[in-house]
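Working notes for the structure below.
Number of protein chains: 2
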Amino acid sequence: MMSRYTLKCISCGKIYEPTPNRYTCDECGDLLGTLEVVYDMKNIHLTRDDFDKKAGIFQFKDLLPVSSHTQVDEFIGGTPLLKFKGLLGQNEVLIKYDGISFSSSYKDRASIIAVNKAIELGYDTIYCASTGNAASSLALTSAHTNLKTYIFVPDQIPKGKLSQLLVAGAEVIPVKATYDEVFDISLDIGREKGWYCRNSAINPYLLEGKKTGAYEILVQNDYIAPDYCLVGVGDGTVISSICKGFKEFYQLGLTDKIPKVIGVQAENASTLKHVFDNGEPFTPIQEEVSTIADSISVGNPRDVVKACKFVKSTGGHFINVTDDEIISAIKEMAAKTGVFAEPAGATSYAGLKNMIKNGEINKDDSVCIVVTGNGLKDIDAVGKDADVTFYTKDEAYEKMKGE
Amino acid sequence: MMSRYTLKCISCGKIYEPTPNRYTCDECGDLLGTLEVVYDMKNIHLTRDDFDKKAGIFQFKDLLPVSSHTQVDEFIGGTPLLKFKGLLGQNEVLIKYDGISFSSSYKDRASIIAVNKAIELGYDTIYCASTGNAASSLALTSAHTNLKTYIFVPDQIPKGKLSQLLVAGAEVIPVKATYDEVFDISLDIGREKGWYCRNSAINPYLLEGKKTGAYEILVQNDYIAPDYCLVGVGDGTVISSICKGFKEFYQLGLTDKIPKVIGVQAENASTLKHVFDNGEPFTPIQEEVSTIADSISVGNPRDVVKACKFVKSTGGHFINVTDDEIISAIKEMAAKTGVFAEPAGATSYAGLKNMIKNGEINKDDSVCIVVTGNGLKDIDAVGKDADVTFYTKDEAYEKMKGE
Numbered sequence: 001m002m003s004r005y006t007l008k009c010i011s012c013g014k015i016y017e018p019t020p021n022r023y024t025c026d027e028c029g030d031l032l033g034t035l036e037v038v039y040d041m042k043n044i045h046l047t048r049d050d051f052d053k054k055a056g057i058f059q060f061k062d063l064l065p066v067s068s069h070t071q072v073d074e075f076i077g078g079t080p081l082l083k084f085k086g087l088l089g090q091n092e093v094l095i096k097y098d099g100i101s102f103s104s105s106y107k108d109r110a111s112i113i114a115v116n117k118a119i120e121l122g123y124d125t126i127y128c129a130s131t132g133n134a135a136s137s138l139a140l141t142s143a144h145t146n147l148k149t150y151i152f153v154p155d156q157i158p159k160g161k162l163s164q165l166l167v168a169g170a171e172v173i174p175v176k177a178t179y180d181e182v183f184d185i186s187l188d189i190g191r192e193k194g195w196y197c198r199n200s201a202i203n204p205y206l207l208e209g210k211k212t213g214a215y216e217i218l219v220q221n222d223y224i225a226p227d228y229c230l231v232g233v234g235d236g237t238v239i240s241s242i243c244k245g246f247k248e249f250y251q252l253g254l255t256d257k258i259p260k261v262i263g264v265q266a267e268n269a270s271t272l273k274h275v276f277d278n279g280e281p282f283t284p285i286q287e288e289v290s291t292i293a294d295s296i297s298v299g300n301p302r303d304v305v306k307a308c309k310f311v312k313s314t315g316g317h318f319i320n321v322t323d324d325e326i327i328s329a330i331k332e333m334a335a336k337t338g339v340f341a342e343p344a345g346a347t348s349y350a351g352l353k354n355m356i357k358n359g360e361i362n363k364d365d366s367v368c369i370v371v372t373g374n375g376l377k378d379i380d381a382v383g384k385d386a387d388v389t390f391y392t393k394d395e396a397y398e399k400m401k402g403e
Numbered sequence: 404m405m406s407r408y409t410l411k412c413i414s415c416g417k418i419y420e421p422t423p424n425r426y427t428c429d430e431c432g433d434l435l436g437t438l439e440v441v442y443d444m445k446n447i448h449l450t451r452d453d454f455d456k457k458a459g460i461f462q463f464k465d466l467l468p469v470s471s472h473t474q475v476d477e478f479i480g481g482t483p484l485l486k487f488k489g490l491l492g493q494n495e496v497l498i499k500y501d502g503i504s505f506s507s508s509y510k511d512r513a514s515i516i517a518v519n520k521a522i523e524l525g526y527d528t529i530y531c532a533s534t535g536n537a538a539s540s541l542a543l544t545s546a547h548t549n550l551k552t553y554i555f556v557p558d559q560i561p562k563g564k565l566s567q568l569l570v571a572g573a574e575v576i577p578v579k580a581t582y583d584e585v586f587d588i589s590l591d592i593g594r595e596k597g598w599y600c601r602n603s604a605i606n607p608y609l610l611e612g613k614k615t616g617a618y619e620i621l622v623q624n625d626y627i628a629p630d631y632c633l634v635g636v637g638d639g640t641v642i643s644s645i646c647k648g649f650k651e652f653y654q655l656g657l658t659d660k661i662p663k664v665i666g667v668q669a670e671n672a673s674t675l676k677h678v679f680d681n682g683e684p685f686t687p688i689q690e691e692v693s694t695i696a697d698s699i700s701v702g703n704p705r706d707v708v709k710a711c712k713f714v715k716s717t718g719g720h721f722i723n724v725t726d727d728e729i730i731s732a733i734k735e736m737a738a739k740t741g742v743f744a745e746p747a748g749a750t751s752y753a754g755l756k757n758m759i760k761n762g763e764i765n766k767d768d769s770v771c772i773v774v775t776g777n778g779l780k781d782i783d784a785v786g787k788d789a790d791v792t793f794y795t796k797d798e799a800y801e802k803m804k805g806e
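If you're matching them up, the sequences are chains A and B in order.
Per the working numbering, the very first residue in the first sequence carries number 1; after that it's consecutive.
Per the working numbering, the very first residue in the second sequence carries number 404; after that it's consecutive.
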């Protein structure tokens, strides 16, 4: 049987058949040669009635590279799209909130694809390197399967995420190293052992799970594409997937435009912005980085070419925000909307504030921000505020007299 | 216009009209006289086709005492019902997982009712006392409204929950006191100020939000009622609501039986079990309590008569588990199912294990356990495991040679 899709190198355009051990382009290598899953769009016929606002990601099965094999599949995706009129002075701001997900982050959309693919291909072991969310997501979404799960984590991992890994019973390999180094170590070992790889930038199928976030934004907004979509960026895979999702629904005639996708990076971890601003051909660089937003603390982005090309194709670009702006954004967004985000998840809100302030986004522009993880994942980020003073009973009564 | 429902005292049966300031029975008082919302079931005609497996709680609008007024309403409820064959040796175990909810706990079902009711009645301020989940739920679900929110919390509140409150911008009154004492303080102050009360045991409408968990279990299980439903118990409001939900769907002919509802308490916080075991008439008592499961650490349960009467009416009863069993349950459930629960949320799993071990539940009995909160809310409960040793890069390679 012909496969429904092929794999295309993001740099040289070479086409590969989707054979089980095909991850990246032989000629361009792991960094330049990440692959894109390309469907035969002319032979896919879908209508708006085919989709539901709350169903999980497998409702998009014609546009996914794997079938559903696990009993948690139907509960991945279908996260809220909240609509706030007047927020930040905008007519309307949409918030796609993936903090409410099986493992409380956007990464579930990718993990469940990897878990299903590993099962479909007959693997008994799966692995990943992660700053935390991909790790906890893989550990929890694979927990009920027969897959053995190895997870390589750097020492910057927040405790909430580490707790998720450990309770899920995954084999955790904590390494005193940066995310970038841990990524390389995991690849070395995983390839030698012949395990299935759940590193998003290397495994082309994972983007296919993540792109469903964009599909859902459109389905839940009655197929009206917003003018802008802002996403926090580290490795570049989530933003690539958002671009791909919007583009595919546009190609299928399900929506009438593609939003400008804006990548928001932490000021001291903005490698992708630097590459993008340097212009084409997009050339990977490696930088020292430091930010409170652990999920996007990436100095050697692994999907750099794809992220830059895809963002450019939407007419978007990359911007920076400071760590202070990220922390303020967590609090302001929670207080104004009830959406409690981890630092990387609030980065998109911080970016939106800056773009409005700078006049880059107007009041009438429709905007969607993607919140990729729950604030409970990293309470230390807003933690010093949690050192409150407890009143005695008498003091409590006394204090409230004046309210 | 006649109201669609009346309020009935749980002890003396006196009927009250649902006037705005009616909370409890004048004759029986706050503790004995909590009220039940009673609908005219004969005039409510619903069919199985009226409901969707993933829609929010307001799809049950004919059975709710308030209309929808906020833009987060559609995202409350509709949480996963996971089905695991062979779990704990059972043919099938259902897990209702409300850790994936707007504020990551079951309490959102009640908070959103309170928020809507306060708006509908024209209040400008709302308050509650809480061990944490009700508080963080109220703070986050009311954040986007114009309501001012006061929250009274005891000093045992876990940091994750406190963080949620503080980022949400609620007015937090932390008191060096037990939950039971803080509850009384909040009532004193809230009544004096004339604020809207979101204390579940006092406000009869909150149970109506919580009962939707039982409705959803039935809708999501194709209206087949399980033989048993296990729920962690503190104040007694969640379990009362679960019983009420099952009963109402049975009365409406939507399902053909009512599950036996089992209340699971922490061994050192099992006041409700003691009251229940003492038999009718159920007489409130007050005890010193201590458990790691903060959400159910209640020595003076506020819905004691209702909880005992309702559980008895289902043919259920109360059981105990130890704190050690709760901690083990968190880990075992996460490792076997991917469901990561806070201590109170894992109490139901611990109870199921004991009932199976004691031969009280057979392999063929269908069972549903309710998981009321996300493990990320209280990672300290499994926290000492998070003190892992990080390998150097060389050590990591060396260690993995043997895998």
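Glycine included, C-beta positions come from ideal geometry on N, C-alpha and C.
Remember, predicted model here, so these are calculated numbers, not experimental data.
{"Asked": "Tyrosine 391 of chain A: contacting residues in chain B (beta-carbon distance under 8 Å)", "Found": "Ile576, Pro577, Val578 and Lys579"}
{"Asked": "Integer Cβ distance of leucine 207 of chain A from leucine 46 of chain A, believed to fall under 8 Å", "Found": "Not quite, the Cβ-Cβ distance comes to about 19 Å (not below 8 Å), so this is no contact."}
{"Asked": "Beta-ladder partner(s) of glutamate 171 of chain A, from DSSP", "Found": "A:Tyr150"}
{"Asked": "Chain-ordered neighbours of asparagine 777 of chain B on chain A, where CB pairs are closer than 9 Å", "Found": "Ser104, Asn374 and Leu376"}
{"Asked": "Lysine 562 of chain B at chain A interface by Cβ criterion, 8 Å", "Found": "yes"}
{"Asked": "Under 9 Å (Cβ pairs) to chain A, residues found in the stretch 491–506 of chain B", "Found": "Tyr500, Gly502, Ile503, Ser504, Phe505 and Ser506"}
{"Asked": "Residues bridged to tyrosine 16 of chain A [DSSP beta-bridge criterion]", "Found": "A:Leu7"}
{"Asked": "Short Cβ contact (8 Å threshold) for serine 366 of chain A with aspartate 227 of chain A", "Found": "yes"}
{"Asked": "Terminal residues of the beta strand (DSSP E) in which isoleucine 498 of chain B lies", "Found": "495–500"}
{"Asked": "Cutoff 6 Å; reference lysine 260 of chain A; Cβ partners in own chain excluding five residues on either side", "Found": "Tyr228, Thr314, Gly315 and Gly316"}
{"Asked": "N-terminal and C-terminal residue of the beta strand (DSSP E) that glycine 635 of chain B is part of", "Found": "631–635"}
{"Asked": "In DSSP terms, what phenylalanine 721 of chain B is bridged to", "Found": "B:Gly666"}
{"Asked": "The stretch 276–292 of chain A in contact with the stretch 349–362 of chain A per 3-pair CB rule at 8 Å", "Found": "no"}
{"Asked": "CA nearest to the CA of alanine 571 of chain B, picked from A:Met333, A:Glu74 and A:Lys377", "Found": "A:Met333"}
{"Asked": "Paired residues, beta bridge with cysteine 600 of chain B - DSSP", "Found": "B:Tyr530"}
{"Asked": "Under 8 Å by beta carbon: chain D residues contacting valine 570 of chain B", "Found": "Protein chains A and B are contained in the structure displayed, whereas chain D is not."}
{"Asked": "Among A:Phe276, A:Ile258, A:Thr392 and A:Lys257, nearest to glutamine 265 of chain A - alpha-carbon criterion", "Found": "A:Phe276"}
{"Asked": "Beta-ladder partner(s) of lysine 486 of chain B, from DSSP", "Found": "B:Leu497"}
{"Asked": "Interface partners of phenylalanine 487 of chain B on chain A, CB under 8 Å", "Found": "Gln71 and His144"}
{"Asked": "Three-state secondary structure (DSSP) of leucine 46 of chain A", "Found": "coil"}
{"Asked": "The beta strand (DSSP E) enclosing glutamate 36 of chain A, as first and last residue numbers", "Found": "33–39"}
{"Asked": "Leucine 485 of chain B: CB within 7 Å of a non-hydrogen atom of the ligand PLP", "Found": "The ligand PLP is absent from the structure shown, which contains no ligand whatsoever."}
{"Asked": "For threonine 674 of chain B: DSSP bridge partner residues", "Found": "For threonine 674 of chain B, which the question treats as bridged, DSSP gives no partner whatsoever."}
{"Asked": "Interface residues of chain A facing lysine 802 of chain B [CB-CB closer than 8 Å]", "Found": "Ile173"}
{"Asked": "Cα-Cα separation, threonine 640 of chain B to glutamine 59 of chain A", "Found": "36 Å"}
{"Asked": "Contact with chain B by glutamate 181 of chain A, beta-carbon distance below 8 Å", "Found": "yes"}
{"Asked": "Straight-line gap, leucine 568 of chain B to leucine 32 of chain A (C-alpha atoms, nearest Å)", "Found": "45 Å"}
{"Asked": "Stretch-stretch touch, CB-based, cutoff 8 Å, three pairs: the stretch 449–458 of chain B with the stretch 616–624 of chain B", "Found": "yes"}
{"Asked": "Selection from A:Ala350, A:Ala307 and A:Val298 that minimises the alpha carbon distance to asparagine 320 of chain A", "Found": "A:Ala350"}
{"Asked": "Segment contact flag, the stretch 122–132 of chain A with the stretch 407–423 of chain B, C-beta cutoff 8 Å, min 3 pairs", "Found": "no"}
{"Asked": "Contact check, leucine 352 of chain A vs phenylalanine 318 of chain A, beta carbons under 8 Å", "Found": "no"}
{"Asked": "Span separating the alpha-carbon of alanine 114 of chain A from that of tyrosine 205 of chain A", "Found": "7 Å"}
{"Asked": "Histidine 547 of chain B, buried or exposed, once every other Cβ within 10 Å from all chains shown has been counted against 16", "Found": "buried"}
{"Asked": "Min CB distance phenylalanine 478 of chain B to chain A below 8 Å", "Found": "yes"}
{"Asked": "8 Å Cβ cutoff, alanine 458 of chain B in contact with chain A", "Found": "yes"}
{"Asked": "Closer than 8 Å at the beta carbon, the chain B residues around aspartate 155 of chain A", "Found": "Phe793"}
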